[in-house]
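Protein sequence lines correspond, in order, to chains A and B.
Residue numbers are given in the working numbering: position 196 of the first sequence equals residue 246, and the series is strictly consecutive.
Residue numbers are given in the working numbering: position 33 of the second sequence equals residue 19, and the series is strictly consecutive.
Read through the structure below, which is laid out as structure tokens, and then see the notes.
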Amino acid sequence: MRRFAGLLLFAAVAAVLTGDPRLAAGAAVVALASAWFLDPPAVRAALRVGVALAFLFAAAVTAAVVAWAVGPGRGLEVGGMVLLRLLVLTVAAAVLVRAVDAESLLRATERVGMERLGLVLGLSLNALPRIAEASGEVWAAHSLRGRGLIDRLGRLPGLGEVLLAHTARIAEEAAAAASLRGHSALTWPHAPLSVAVRTVVVTGPPDGGKSVAVSCLAARLDEGGVPVAGFVQLGNREGGRKMGFRIRDLRTGEEAVLAEKVEREKGEFGTRFRFDEAGFRLGRTALARCESGCVVIVDEVGPVELRGAGHMPAIRRALAVPGITGVVMVVRRALVPSLLAALDASDAVVVDVGEAGDAAAATIAEALAIKR
Amino acid sequence: MRDARAWTYAALFGALWGALEATVGTAVYLGKMPLRGTVMGVLGLLCLVCLRRLQPRPGVCLLAGVVAIFLKVFTLGGFFPGPLIGIAVEAIAVEVAMTATGGRAIGAAIGGAVALATNPLQKLGMMWLVAGSEAVESYLKVGEDVAAAVGLGGIRPLAVFAVVVAATALVGAAGGLWAWRVAGRVARRMGARP
């Protein structure tokens, strides 16, 4: 019976949009009766006094305009049609919205095989409190920093920028969380970073000794007769501040400038650094030394690489070399989930140098589990 | 690489857009603020262009539009057809323009122009749907009569409407370019290639 009433309501909506006034009047009666049968509170909510008055006003204005242009009789007819159409469309919309809730819509997306859409809609609902929280914080900062109305208005674009960046960060975290939990429904089926051997992901706090640890590891492996191919990126400091990076080939010790700090607007790859092609070239050369029996060491895999640029093509080529015995990748803590999501490795271990301390190199070597 | 970010970005930017529509949009709609469609259109452009610049994958703007409509309907915003159609048209316009231009600034400008220019067209369309073509013609005739009565007999309502559409398109193009600039700064903050 309810399904029949729903069909009647749908048919009435179609009928009221035709040009025949008598058919429209009949359709309006049917629509109101069907809607009342389906959901009386929805009809009451849709036809509040204010709404009804607004409809009457719109119909009256249209009637007057058409009466002026064509004639009074036609004006009344068209005004009446406007009133009927507004009534029927509003009532039908109110019934429809109350009949469909978010949960049922999510279930429906799953039923019709659009699971990803359902997940995205669910994520958007779950993320609303975080967006609201971020908006509140951004607004509070904006209010505190602004001096007077003019200053606050001038800062509005900055407010939007910060809010958008917050939103992007929440999206990054959501993707990372999905990767950490092994959720793959939202992932793009692109070629993963395939590694067939034990992979050690080295992480830790900024300036926490990651590069020192993998340099020590390289020396230790070299002493043990295990060939190493790869590089470390070392910070160039002036007065305790990081002013750039240089890259060092772990086998030859050769160094090249990789990046120099510049003004924010002049930075590349979305960083405050300008990159030097010589550094990337040395990275490619160092990784090209990879051969059977090698341990590949990459310090570091950054956001640029995780987007497929920077050193990533050279890393892919090195990892495709048959017979490599292990892979060590350095990554900052925030990017560990993204790297793990990108890796197609059956055997991966994460070593945090912040926890391993002075024994970091030994811990990484142990994690590599190379038997000679 | 397996990367869920395009989906999560679309979800989050769509959520932000939907939240703005449901809160700011509902407030300006109920408050009858002038140029509310243009204001909300520029806010939507900001979300869409930034999303497309951070995640340059075809379809993300459409998905964000679906999310924004979903949130607008099922949260505070309610079922007002005008804004919902506006959101859908804006998402489609930006998506098509950005895809056709390879995700460049010109795409943001074209998308913004088309998205905002459809605001007055959408109002005309709704009037046509609810009141019929005869009423639309009557409005035009009354407009001509009123213009003639105040000494502006040479001005045709359709020409005025075309000027309004063109002006809105210009505002949209400027809004699109501004959104592109802001998106670049957001991309730099996020460490993405600007």
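All residues carry an ideal CB built from backbone N, CA and C; glycine is no exception.
None of these values were measured; they are calculated from a predicted model.
Residue i at chain B interface by Cβ criterion, 9 Å
i      : result
G210/A : yes
V278/A : no
T112/A : yes
S185/A : yes
S174/A : yes
V128/A : yes
W238/A : Confidence is the limiting factor: at W238/A the pLDDT is only 46, short of 50, which leaves the residue's position unreliable, though a coordinate-based value still follows. So yes, W238/A belongs to the interface.
V101/A : no
E222/A : yes
Neighbourhood of residue i by C-beta distance below 8 Å, restricted to the same chain and skipping five residues each side
i      : result
T159/A : E165, L167, G168, L171
G76/A  : A65
V115/A : G125
Test: residue i CB closer than 9 Å to a CB of chain E
i      : result
G198/A : You won't find chain E in this structure, because its protein chains are A and B.
Residue-level contact to chain A via CB, residue i, 9 Å cutoff
i       : result
R179/B  : With a pLDDT of only 45 at R179/B, under the threshold of 50, the placement of this residue in the model should not be trusted; the figure read from the coordinates follows. True, the Cβ-Cβ gap to chain A drops below 9 Å.
T(-6)/B : yes
G27/B   : no
W164/B  : yes
A169/B  : yes
G139/B  : no
R(-9)/B : yes
R175/B  : yes
C33/B   : yes
L21/B   : no
C47/B   : no
F147/B  : no
P69/B   : no
Residue i classed as buried or exposed, judged by whether at least 16 other C-beta atoms fall within 10 angstroms
i      : result
I365/A : buried
R72/A  : exposed
T68/A  : exposed
R298/A : buried
P213/B : Any answer about residue 213/B is impossible in this case: the structure gives chain B only from -13 up to 180.
F323/A : buried
V99/A  : exposed
G163/A : exposed
G23/B  : buried
Contacting residues, own chain, Cβ-Cβ under 6 Å from residue i (five flanking each side not counted)
i      : result
A117/A : G125
A410/A : A263, V403
D89/A  : V145, R148
L243/A : A392, L393
A96/A  : T140, V141, A144
G258/A : V403, G404
I96/B  : A83
Selection from the options that minimises the alpha carbon distance to residue i
i       : options                        : result
G4/B    : W86/A, D299/A, A177/A          : A177/A
A(-8)/B : L34/B, R22/B, S124/B, P143/B   : L34/B
G254/A  : G186/A, H216/A, L173/A, V400/A : V400/A
A155/B  : M113/B, G118/B, V100/B, A79/B  : V100/B
G358/A  : T375/A, A109/A, L106/A, S388/A : S388/A
V245/A  : V63/A, D70/A, L390/A, R291/A   : L390/A
P143/B  : V132/B, V14/B, A152/B          : V132/B
A117/B  : R270/A, A109/A, A143/A         : A109/A
V345/A  : K292/A, R270/A, A92/A          : R270/A
L29/B   : V59/B, A(-3)/B, E76/B, G170/B  : E76/B
T(-6)/B : V128/B, C47/B, G72/B, L110/B   : C47/B
E327/A  : S342/A, V351/A, R296/A         : R296/A
A83/A   : A102/A, A62/A, A412/A          : A62/A
Cut-off 7 Å between Cβ atoms - residues of its own chain near residue i, not counting five sequence neighbours on either side
i      : result
A91/B  : L163, W166
A131/A : The amino acid occupying residue 131/A in the given sequence is Met; Ala does not appear at that position. Here the set comprises P71, A74.
V282/A : S261, V264, S265, R298, L300, D349
R334/A : A364
H192/A : R202, R205, L209
L190/B : Past the boundaries of the shown model lies residue 190/B; chain B is included only from -13 to 180, so the question cannot be answered.
A1/B   : V53, L57
Using a beta-carbon distance cut-off of less than 9 Å, what residues from the stretch 364 to 383 of chain A approach chain B? Here the close residues number zero.
Closer than 8 Å between beta carbons: that is the criterion. Which residues of the stretch 106 to 128 of chain B meet it against chain A? Of all residues in the stretch 106 to 128 of chain B, L115, V116, A117, G118, E120, A121, E123, S124, Y125, K127, V128 have a Cβ within less than 8 Å of some Cβ in chain A.
The stretch 83 to 102 of chain B: which residues have C-beta closer than 8 Å to a C-beta of chain A, in chain order? Residues of the stretch 83 to 102 of chain B with a Cβ closer than 8 Å to any Cβ of chain A: none.
Can you give me, in chain order, the residues of the stretch 246 to 269 of chain A that have a beta carbon less than 9 Å from any beta carbon in chain B? With the criterion set as a beta carbon lying under 9 Å from some beta carbon of chain B, the stretch 246 to 269 of chain A has no members that meet it.
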